[in-house]
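Remarks on the structure that follows.
4 protein chains.
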Amino acid sequence: MMGNDRPVAVPQAPDPAPASNPSSALRAALSRAMVEIHRRGWCDGTGGNFSCVLDRQPLRLLMAPSGVHKGRVQPEQLIEVDATGSVIAGEGNASAETALHLAIVQACGAGAVLHTHSQAGTLLSQWALQGPGQSEGQLALRDLEMLKGLEGITTHATAAHIPVLANDQNLPRLADRARPLLPGAPQGLLIAGHGLYAWGRDLAAAERHLEILEFLLEQRWRQLLLQALAGKNAEPVWHP
Amino acid sequence: MMGNDRPVAVPQAPDPAPASNPSSALRAALSRAMVEIHRRGWCDGTGGNFSCVLDRQPLRLLMAPSGVHKGRVQPEQLIEVDATGSVIAGEGNASAETALHLAIVQACGAGAVLHTHSQAGTLLSQWALQGPGQSEGQLALRDLEMLKGLEGITTHATAAHIPVLANDQNLPRLADRARPLLPGAPQGLLIAGHGLYAWGRDLAAAERHLEILEFLLEQRWRQLLLQALAGKNAEPVWHP
Amino acid sequence: MMGNDRPVAVPQAPDPAPASNPSSALRAALSRAMVEIHRRGWCDGTGGNFSCVLDRQPLRLLMAPSGVHKGRVQPEQLIEVDATGSVIAGEGNASAETALHLAIVQACGAGAVLHTHSQAGTLLSQWALQGPGQSEGQLALRDLEMLKGLEGITTHATAAHIPVLANDQNLPRLADRARPLLPGAPQGLLIAGHGLYAWGRDLAAAERHLEILEFLLEQRWRQLLLQALAGKNAEPVWHP
Amino acid sequence: MMGNDRPVAVPQAPDPAPASNPSSALRAALSRAMVEIHRRGWCDGTGGNFSCVLDRQPLRLLMAPSGVHKGRVQPEQLIEVDATGSVIAGEGNASAETALHLAIVQACGAGAVLHTHSQAGTLLSQWALQGPGQSEGQLALRDLEMLKGLEGITTHATAAHIPVLANDQNLPRLADRARPLLPGAPQGLLIAGHGLYAWGRDLAAAERHLEILEFLLEQRWRQLLLQALAGKNAEPVWHP
Numbered sequence: 001m002m003g004n005d006r007p008v009a010v011p012q013a014p015d016p017a018p019a020s021n022p023s024s025a026l027r028a029a030l031s032r033a034m035v036e037i038h039r040r041g042w043c044d045g046t047g048g049n050f051s052c053v054l055d056r057q058p059l060r061l062l063m064a065p066s067g068v069h070k071g072r073v074q075p076e077q078l079i080e081v082d083a084t085g086s087v088i089a090g091e092g093n094a095s096a097e098t099a100l101h102l103a104i105v106q107a108c109g110a111g112a113v114l115h116t117h118s119q120a121g122t123l124l125s126q127w128a129l130q131g132p133g134q135s136e137g138q139l140a141l142r143d144l145e146m147l148k149g150l151e152g153i154t155t156h157a158t159a160a161h162i163p164v165l166a167n168d169q170n171l172p173r174l175a176d177r178a179r180p181l182l183p184g185a186p187q188g189l190l191i192a193g194h195g196l197y198a199w200g201r202d203l204a205a206a207e208r209h210l211e212i213l214e215f216l217l218e219q220r221w222r223q224l225l226l227q228a229l230a231g232k233n234a235e236p237v238w239h240p
Numbered sequence: 241m242m243g244n245d246r247p248v249a250v251p252q253a254p255d256p257a258p259a260s261n262p263s264s265a266l267r268a269a270l271s272r273a274m275v276e277i278h279r280r281g282w283c284d285g286t287g288g289n290f291s292c293v294l295d296r297q298p299l300r301l302l303m304a305p306s307g308v309h310k311g312r313v314q315p316e317q318l319i320e321v322d323a324t325g326s327v328i329a330g331e332g333n334a335s336a337e338t339a340l341h342l343a344i345v346q347a348c349g350a351g352a353v354l355h356t357h358s359q360a361g362t363l364l365s366q367w368a369l370q371g372p373g374q375s376e377g378q379l380a381l382r383d384l385e386m387l388k389g390l391e392g393i394t395t396h397a398t399a400a401h402i403p404v405l406a407n408d409q410n411l412p413r414l415a416d417r418a419r420p421l422l423p424g425a426p427q428g429l430l431i432a433g434h435g436l437y438a439w440g441r442d443l444a445a446a447e448r449h450l451e452i453l454e455f456l457l458e459q460r461w462r463q464l465l466l467q468a469l470a471g472k473n474a475e476p477v478w479h480p
Numbered sequence: 481m482m483g484n485d486r487p488v489a490v491p492q493a494p495d496p497a498p499a500s501n502p503s504s505a506l507r508a509a510l511s512r513a514m515v516e517i518h519r520r521g522w523c524d525g526t527g528g529n530f531s532c533v534l535d536r537q538p539l540r541l542l543m544a545p546s547g548v549h550k551g552r553v554q555p556e557q558l559i560e561v562d563a564t565g566s567v568i569a570g571e572g573n574a575s576a577e578t579a580l581h582l583a584i585v586q587a588c589g590a591g592a593v594l595h596t597h598s599q600a601g602t603l604l605s606q607w608a609l610q611g612p613g614q615s616e617g618q619l620a621l622r623d624l625e626m627l628k629g630l631e632g633i634t635t636h637a638t639a640a641h642i643p644v645l646a647n648d649q650n651l652p653r654l655a656d657r658a659r660p661l662l663p664g665a666p667q668g669l670l671i672a673g674h675g676l677y678a679w680g681r682d683l684a685a686a687e688r689h690l691e692i693l694e695f696l697l698e699q700r701w702r703q704l705l706l707q708a709l710a711g712k713n714a715e716p717v718w719h720p
Numbered sequence: 721m722m723g724n725d726r727p728v729a730v731p732q733a734p735d736p737a738p739a740s741n742p743s744s745a746l747r748a749a750l751s752r753a754m755v756e757i758h759r760r761g762w763c764d765g766t767g768g769n770f771s772c773v774l775d776r777q778p779l780r781l782l783m784a785p786s787g788v789h790k791g792r793v794q795p796e797q798l799i800e801v802d803a804t805g806s807v808i809a810g811e812g813n814a815s816a817e818t819a820l821h822l823a824i825v826q827a828c829g830a831g832a833v834l835h836t837h838s839q840a841g842t843l844l845s846q847w848a849l850q851g852p853g854q855s856e857g858q859l860a861l862r863d864l865e866m867l868k869g870l871e872g873i874t875t876h877a878t879a880a881h882i883p884v885l886a887n888d889q890n891l892p893r894l895a896d897r898a899r900p901l902l903p904g905a906p907q908g909l910l911i912a913g914h915g916l917y918a919w920g921r922d923l924a925a926a927e928r929h930l931e932i933l934e935f936l937l938e939q940r941w942r943q944l945l946l947q948a949l950a951g952k953n954a955e956p957v958w959h960p
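Chains as they are written, first to last, in this note's numbering: chain P, 1 to 240; chain L, 241 to 480; chain V, 481 to 720; chain E, 721 to 960.
The following block contains the structure:
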């Protein structure tokens, strides 16, 4: 019998080993994921940040330190952060954006959070706000097979509405604004002119959701160009 | 004397070895092809699927399991599937899309089927349907030297018409709709808002057809932008 | 004292060694160049072809065989071809396009010829012909620093006019049409809807010219989009 | 306590070792940076140039020689140049553009200067001059989180104004025109139709600024396309 096409739990990235150093496999997997994300141009400069849950009771996150080139972080350079965002192991600072990582882990039960700065994510997040004064919006992605890569979606004939929040340098405040939107979000959240947060129950799921959402954002950009030029579709083209 | 430019059977990817493990070379070649296809952004998330014929009597396909990251599948993680789509060796599930792989193998005598989710393939397949209610369309690719890379085409002065079908989560039904179109298709079929199926008599031929068709789809996208902006061509620009 | 910025003969790619196997270094360099050209998406499928002069008296070219994937050709798989286009060493066929390689080697004194199928080269070559009935055109690239990478150009304040010929499956006839245009061409020639021929006195120079011309073609494509949208420049935007 | 997100001095690229050969680590780091910059298509042909400060008293720069492929320069092939632009160690010529590298090192206290030729940098630098007769302009990048990767910027709610100078083959004269603009420039300067100079206090900072500025230039290009097509923003879209 054939299976359905929903992603299944075939292990792709190693899970934390139960042995002497339980986090070493996860460190290697997160470091490798960051190299790949940088290769694709999704975390240029020192942009973006990336975390995995090491423990839930009490909460500990494995993260890249702030202000470093994310494509060159060795496994042993990753830091550990607690539920207050304080560094409890490793050298370097935790990003202010840790507040949002923690909010996502707590609100969605996520095991990993990947935050990227892509061209399409930056552009469309700003565009989706519809005006400089808007503090909230959403971006609809619809009718595409790739949507099925998002947890819980089983058909292309649907729409995912990614919430979009205006950017804010006060991260605790931004996290407070994000919290009520997170449980209903399709594994992703956009901050306007800033980028995407994608997550999943573990690192492999978060990587899958990231690739899917970045693909869909780039596709939305191309749709906008084509629909504007073609003037062919009857549906309201210029509203997200 | 100079040969013509039609692709010839110079072995590029190793054929199944006649030795003790006849499928090991093919496993390695398919795994490598998937790594490359992922590098190009044509199977993000867990999208796409890829198969090779191991035997025809009875029919056995070598495939990637469903729901895994296609850029990281090791040769030994590939599964074997029979003519009913059941897994007969290896761990994991067969994709529901196996039905379409089997239809292509049977209708076209293909030795390999590569199914991708590219930006241009997703966009233009949807655009080619001309409206939300259409169930079938086609996309014309014409007057380009690259067409000669497709089996049976010997001049640029021609057109390839790729059939386009509306997407359907009922894969046996989709395969039934595809079957009559396959023998006349130029080594490729598009599913709207979903992606491309490309095939060939063996893996090397399928890879060649995939690269050609993805190139032509991307080129079609650029043609649409340029023609719309330039308003220069007399030919009906906005109809595929 | 500072040198000017014209490219100088610092050896980048090894020249043929004078030792026992004079062509082995050149074989390795050509194979490596083809891998890189394929990585950039400039010879998808089995598209493109690539040659280096081994000897001039009598003329012998080292070439990729026709109909193979150009990103995977091992040094020892390259063939040798004489001045009539006949294969004199190695396995496989010479491309029909060998006629154009030979014309370029003879008319321009080139030591290497690289023929690519890029998105921008395919698109703009067709656009430059201005209409389906035209057999010849040109594409102007002007006022860019990158022009200085082309042999003989020492300032950005100039224009390079790349000749463009309508495509023809009769390669000897196409070579005849190209021959009078070659001596004045800026290290490159476009065949409409087909691609670019770039050349240089040796492989390193040909690689440099190829990268420069492909950069300039992609830039021209972006210029066309921006100028059309902006309507800002007084110069005739839509004529190459 | 959480740190802010400003880039910190976590060593990413090795600093010059204090040992027997103080410049060998820097040579390796600069060579590696150039490989990566070429991989991204920012120094095609023999375009671009790259330097690091070895000593300030007297001033010595480590540089790529002029006229070579920047993606293949081995650490030992880098040359050393003094404050007059003369080569004092190594083989090959210093680029005429050394004059601008020296001006940046002296005016900004930079420890590394990276000069690239990207598609977006070439295009938008020319566009920002607003007309063929203009000798100076600027390009505004605003309201994006990525701006925070530039030294001294701590919020997205700001604008960076990159100075743009008309191109000039007289490099000492171009350096003279650049000098007064450098102290106020946001770690970058554009030469019209030519490319970007990015710098930083050391190589890691210069690499970060380069990635940030190239990201922002590419983003500006996408903004222009989207705003022109959407006609949605009230702000003056077509003026940089």
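Ideal Cβ placement from N, Cα and C applies to all residues, glycine included.
Test item: CB-CB of residue i and residue j under 8 Å
| i | j | result |
| --- | --- | --- |
| H549 of chain V | T578 of chain V | no |
| D764 of chain E | H837 of chain E | yes |
| Q138 of chain P | P163 of chain P | yes |
| I88 of chain P | Y197 of chain P | no |
| E218 of chain P | A120 of chain P | yes |
| L225 of chain P | L465 of chain L | yes |
Residue i to residue j span [Cα, whole Å]
| i | j | result |
| --- | --- | --- |
| A814 of chain E | A684 of chain V | 20 Å |
| L26 of chain P | E756 of chain E | 27 Å |
| V248 of chain L | G547 of chain V | With a pLDDT of only 47 at V248 of chain L, under 50, the local geometry of the prediction cannot be trusted, and the value read off the model is given with reservation. So the alpha carbons of these two residues sit roughly 5 Å apart. |
| R552 of chain V | L387 of chain L | 21 Å |
| L609 of chain V | A397 of chain L | 15 Å |
| A513 of chain V | Q557 of chain V | 14 Å |
| V717 of chain V | L670 of chain V | Per-residue confidence for V717 of chain V stands at a pLDDT of 29, beneath the threshold of 50, marking its modelled position as unreliable; the derived number appears in the next sentence. Their Cα atoms are separated by approximately 20 Å. |
| R296 of chain L | G325 of chain L | 14 Å |
| E454 of chain L | P180 of chain P | 41 Å |
| W607 of chain V | A425 of chain L | 28 Å |
| G629 of chain V | I692 of chain V | 6 Å |
| L174 of chain P | Q943 of chain E | 25 Å |
| D656 of chain V | G528 of chain V | 20 Å |
| R39 of chain P | R279 of chain L | 10 Å |
Spatial neighbours of residue i in its chain, beta-carbon cut-off 6 Å, leaving aside the 5 residues before and after
| i | result |
| --- | --- |
| S500 of chain V | Summary for S500 of chain V: the model assigns pLDDT 46, below 50, so the residue's position carries little reliability; its value from the coordinates is reported in the next sentence. Here the set comprises nothing. |
| R681 of chain V | G591 |
| S615 of chain V | A646 |
Whole-number beta carbon distance between residue j and residue i, since they are thought to touch under 8 Å
| i | j | result |
| --- | --- | --- |
| A880 of chain E | L861 of chain E | 5 Å |
| L364 of chain L | W461 of chain L | 6 Å |
| L510 of chain V | L542 of chain V | 6 Å |
| A107 of chain P | P183 of chain P | 6 Å |
| E800 of chain E | R780 of chain E | 6 Å |
| A418 of chain L | L340 of chain L | 6 Å |
Nonlocal neighbours in the same chain, by C-beta distance under 8 Å from residue i, ignoring five residues either side
| i | result |
| --- | --- |
| E871 of chain E | P727, Q907, G920, R921, A925, H929 |
| T602 of chain V | G673, H674, G675 |
| P555 of chain V | S504, R507, A508, L510, S511 |
| I873 of chain E | L867, A880, P906 |
Cross-chain neighbours of residue i in chain A, by beta carbon under 8 Å
| i | result |
| --- | --- |
| Q409 of chain L | The structure shown contains no chain A; its protein chains are P, L, V and E. |
Contacts around residue i, its chain only, beta-carbon distance under 7 Å, and the 5 residues preceding and following it disregarded
| i | result |
| --- | --- |
| A336 of chain L | L411 |
4-residue-minimum alpha helix (DSSP H) runs that sit fully inside the stretch 881-949 of chain E, ordered along the chain: Runs found: 891-898.
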